[in-house]
Ligand SMILES: Cc1ncc(COP(=O)(O)O)c(C=O)c1O
């Protein structure tokens, strides 16, 4: 038969598949490899969605999403970050940030256009760029600098074909939160080279001892920025598949075209749930954030004691320690830890080559489980420490 | 310790009294001595009253009967309802006593091994008390949630074991 799509063939299969299959079969396996909250969606949100379904909210919505939801998101963003988006023309409700990423790329890129992003990075970025015909240009960040975006390397990576910079702060997998000063510098560079900025701020509500800066709020940024946000992490709503994109009207119009013909609209029950989340969810967001923060401090302290050095992450729910003291590569470490101690982590190299020498641990797991996992990791590392 | 951290410390212990001072210290980013000192202060001030374990006796196989008893009391000059409440709560069978608004004055929760035992307690001890005018007893048929604890099977973790 004729060969399948080149663009899709060029993307390697997911790097965690192999470990996933083993971990799923091992009994008594503690997983610190999960990238979603361990909380279920707060009850008031689930209850509001049940009510909506009972009342017959079972239809398509406007392609843009429910106007009332867009209004609430606009008000929420205005209050938190001082950004102004018109719910009529500058916002689109998406099927998760996942869809937002995909349609951003498709709206912006022509074949061969380059998109720069910092590595280690969320696993979808390079594939989304490739599927849209673009060229991913990863720029490494340094563990010793807390994985802050490296502005010098960013400048060096820019070519005549560069179209956009894709950012993710707070970061998956490193937990890094970009400082305001660095983001201001990135905006200057974007203006200087006439680049778009796509910012995946899905972890914006999960920051600790730091402040989240919405890059769209910086002077000169909004007119060239696509802001992607979601409900998956802050409200523990991963399974609802709901998010949003905010951008200048011309860009939203383009994204809308793709969305309209490929997705039609986000599920209405999820949109109703999202309205409830924004309206009454604040105490629950804060309760979960506080709980993550306690686990974060505990896990960072213990990992450093064990010898897996880590810079305290300031956001999301991941730690990304160095495994140098074991002399193992990320995949070796992950595989041996899984078989020997039945603890699942994610090897750092799946997030790009600068993630080699690290593993990602998620603290979206109950405290007793984290304690037990750390105990096992300690035993594992002590046999190998050099 | 700052009041904000004191509150967090209390919340952590309220959730799990077995959390060690070392763990509390790293969770709050303070040193262990501070945690120990604060716990002592809270204990002597009576803020921390004691450390208990939540036990599902049903699951252990021991039956316990609970009843809510609403009590109508004629108040007395100077003491109001306090003296009657005190006479009631001194009985070890009494689980809780509240002064409440509405049709009745006191709401008493009584426990016993059998319904007969609880009924006898009401008839022989509670009802005859001075100034107790009437009692209305409701037996608990099933306990769903108590003190924030849900007494159902815990929901399994439905997440995939690994996700990016
Ligand atoms: C950085 C980042 N962006 C996007 C997503 C996907 O989010 P959504 O559930 O909104 O599609 C994730 C999920 O893990 C993520 O970590």
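Chains as they are written, first to last, in the working numbering: chain R, 1 to 386; chain X, 387 to 550.
Glycine included, C-beta positions come from ideal geometry on N, C-alpha and C.
On a predicted model such as this, the values are computed, not experimentally measured, just so you know.
#### Entry: Contact list for residue 33/R against chain X, beta-carbon separation under 8 Å
Locating residue 33/R in the first chain gives position 33, where the first residue counts as 1. For residue 33/R, the neighbours in chain X by C-beta distance under 8 Å run, in chain order, 547, 548, 549.
### Query
Hey, would you say residue 326/R sits closer than 8 Å to residue 32/R, going by beta carbons?
As a position in the first chain, residue 326/R is number 326, starting the count at 1. As a position in the first chain, residue 32/R is number 32, starting the count at 1. Residue 326/R places its beta carbon 8 Å or farther from that of residue 32/R.
### alpha helix (DSSP H) runs contained entirely in the stretch 423 to 473 of chain X, provided each spans 4 or more residues
The stretch 423 to 473 of chain X contains these whole alpha helix (DSSP H) runs: 443 to 446.
### Assigned exposure category for residue 171/R - 16 Cβ within 10 Å defines buried
Locating residue 171/R in the first chain gives position 171, counting from the first residue. Classification for residue 171/R: buried.
### Of the listed residues 368/R, 315/R, 173/R, 212/R, nearest to residue 358/R (C-alpha basis)
Here residue 358/R is taken as the residue at index 358 of the first chain, counted from 1. For the options 368/R, 315/R, 173/R, 212/R, the alpha carbon positioned closest to that of residue 358/R is the one of 173/R.
### Task
Below 8 Å between beta carbons is the criterion; list the residues of the stretch 409 to 424 of chain X that meet it against any residue of chain A, in chain order.
In the structure shown, chain A cannot be found, because the protein chains are R and X.
### Task
Taking only runs that begin and end inside the stretch 33 to 118 of chain R, name each unbroken alpha helix (DSSP H) of 4 or more residues, in chain order.
Annotation note: the stretch 33 to 118 of chain R contains the following uninterrupted alpha helix (DSSP H) runs of length 4 or greater, listed N- to C-terminal: 43 to 54, 67 to 81, 96 to 108.
### Message
For residue 232/R and residue 78/R, what's the separation of their Cα atoms in angstroms?
### Response
For this step, residue 232/R is matched to residue 232 along the first chain. For this step, residue 78/R is matched to residue 78 along the first chain. Computed Cα separation, rounded: 20 Å.
### Query
Looking at the unbroken alpha helix (DSSP H) that takes in residue 163/R, where does it start and where does it end?
Working through the first chain from its first residue, we reach residue 163/R at position 163. Secondary structure note for residue 163/R: it is in no alpha helix (DSSP H), and the uninterrupted beta strand (DSSP E) holding it is 162 to 167.
### Sheet register partners of residue 525/X (DSSP bridge)
Looking up residue 525/X in the second chain gives position 139. The partner list for residue 525/X (beta bridge, DSSP) reads 453/X.
### Query
Whole beta strand (DSSP E) runs in the stretch 162 to 201 of chain R with 3 or more residues, listed along the chain?
You should have 162 to 167, 196 to 200.
### Chain-order list of residues whose beta-carbon lies under 6 Å from that of residue 437/X (same chain, five-residue window excluded)
Within the second chain, numbered from 1, the residue matching residue 437/X stands at position 51. 403.
### Task
For chain R, find out if any of its Cβ atoms is closer than 8 Å to the Cβ of residue 543/X; answer yes or no.
Counted from its first residue, the second chain places residue 543/X at position 157. Using a Cβ-Cβ cut-off of 8 Å, residue 543/X counts as an interface residue toward chain R, since at least one Cβ of chain R sits closer than that to its own.
### Message
Would residue 154/R and residue 186/R be called neighbours here (beta carbons separated by less than 8 Å)?
### Response
Taking the first residue of the first chain as position 1, residue 154/R is located at position 154. Taking the first residue of the first chain as position 1, residue 186/R is located at position 186. Less than 8 Å separates the beta-carbon of residue 154/R from that of residue 186/R.
### Query
What's the C-alpha gap between residue 115/R and residue 261/R?
Sequence index remark: in the first chain, residue 115/R carries index 115 (1-based). Sequence index remark: in the first chain, residue 261/R carries index 261 (1-based). Looking at the two C-alpha atoms, the distance is approximately 24 Å.
### Query
Helix or strand or just coil, what does DSSP make of residue 124/R?
The count along the first chain starts at 1 and reaches residue 124/R at position 124. Three-state result, residue 124/R: coil.
### Query
Taking the beta strand (DSSP E) that residue 225/R falls in, what are its first and last residues?
Reading the first chain from its first residue, position 225 is the one you call residue 225/R. Membership of residue 225/R in the beta strand (DSSP E) is indicated by the continuous run 225 to 230.
### Query
What whole-angstrom Cβ distance do residue 249/R and residue 89/R have, given they're in contact under 8 Å?
Reading the first chain from its first residue, position 249 is the one you call residue 249/R. Reading the first chain from its first residue, position 89 is the one you call residue 89/R. Going by Cβ atoms, the distance from residue 249/R to residue 89/R rounds to 4 Å, so yes, they are a contact pair.
### Message
Using C-beta distances below 8 Å, list every residue in its chain close to residue 521/X, excluding the 5 sequence neighbours before and after it, in chain order.
### Response
Translated into positions along the second chain, residue 521/X becomes position 135. So the qualifying residues of the chain are 455, 456, 457, 458, 508, 512, 513.
### Query
What's the gap between the Cα of residue 138/R and the Cα of residue 6/R?
One-based indexing of the first chain puts residue 138/R at position 138. One-based indexing of the first chain puts residue 6/R at position 6. Rounded to whole angstroms, residue 138/R to residue 6/R spans 21 Å at the Cα level.
### Query
Pairing CB atoms from the stretch 441 to 448 of chain X with CB atoms from the stretch 413 to 433 of chain X, are three or more of them under 8 Å?
By the C-beta criterion, the stretch 441 to 448 of chain X is judged not to be in contact with the stretch 413 to 433 of chain X, since fewer than 3 inter-stretch pairs fall below 8 Å.
### Task
Decide if residue 64/R is buried, meaning its Cβ has at least 16 other Cβ atoms within 10 Å, or exposed.
Sequence index remark: in the first chain, residue 64/R carries index 64 (1-based). By the neighbour-count rule (16 or more Cβ atoms within 10 Å), residue 64/R is buried.
### Query
For ligand 1, is there a heavy atom less than 7 Å away from the beta-carbon of residue 103/R?
Locating residue 103/R in the first chain gives position 103, where the first residue counts as 1. False, no ligand heavy atom lies under 7 Å from that Cβ.
### Query
So, helix, strand or coil for residue 245/R, using DSSP?
Position 245 of the first chain, counted from the start, is the residue given in the question as residue 245/R. Of the three classes helix, strand and coil, the one that applies to residue 245/R here is strand, per DSSP.
### Query
Is it true that the stretch 335 to 348 of chain R meets the stretch 266 to 283 of chain R, where meeting means three or more beta-carbon pairs spaced less than 8 Å apart?
Judged by Cβ distances under 8 Å, the stretch 335 to 348 of chain R makes no contact with the stretch 266 to 283 of chain R, as fewer than three pairs qualify.
### Query
Which chain R residues are close to residue 474/X, counting only those with a beta carbon under 7 Å from its beta carbon?
The residue you call residue 474/X lines up with position 88 of the second chain. By Cβ distance, chain R contributes nothing, its closest Cβ being about 36 Å from residue 474/X, past 7 Å.
### Query
Measuring CA to CA, which of 548/X, 531/X, 547/X is closest to residue 554/X?
Nothing about residue 554/X can be read from this structure; chain X reaches only from 387 to 550.
### Query
What are the partner residues of residue 482/X, as DSSP defines its beta bridges?
Here the question's residue 482/X lines up with position 96 in the second chain. According to DSSP, residue 482/X bridges with 495/X.
### Task
Helix, strand or coil for residue 520/X, going by three-state DSSP, please let me know.
The residue given as residue 520/X occupies position 134 in the second chain. DSSP places residue 520/X within a strand segment (E or B) once states are collapsed to three.
### Query
What residues from the stretch 287 to 299 of chain R come within 7 Å of chain X, judged by C-beta to C-beta, listed N to C?
Near chain X, meaning a CB-to-CB distance below 7 Å, the residues of the stretch 287 to 299 of chain R are 294, 297, 298.
### Query
With a CB to CB cut of under 6 Å and the five nearest residues on each side skipped, what residues in its chain are close to residue 150/R?
The residue you call residue 150/R lines up with position 150 of the first chain. Here the set comprises 141.
### Task
For residue 398/X, return the contacting residues in chain R, with the cut-off set at a CB-CB distance below 9 Å.
Position 12 of the second chain holds residue 398/X. What residue 398/X touches in chain R: 294.
### Proximal residues to residue 479/X (C-beta, below 7 Å), its chain only, five neighbours per side dropped
Start at 1 with the first residue of the second chain, and residue 479/X comes out as number 93. Only 496, 497, 498, 507 meet the Cβ criterion.
### Query
Could you check where the alpha helix (DSSP H) with residue 578/X kicks off and where it finishes?
Past the edges of chain X, shown from 387 to 550, lies residue 578/X, and the structure says nothing about it.
### Query
Any heavy atom of ligand 1 within a distance shorter than 7 Å of the CB on residue 122/R?
For the purposes of this step, residue 122/R is taken as residue 122 along the first chain, with counting starting at 1. Yes.
### Task
Could you tell me if the beta carbon of residue 200/R falls within a distance shorter than 7 Å of some heavy atom in ligand 2?
Annotation note on ligand 2: not contained in the displayed structure, which lists ligand 1 as its ligands.
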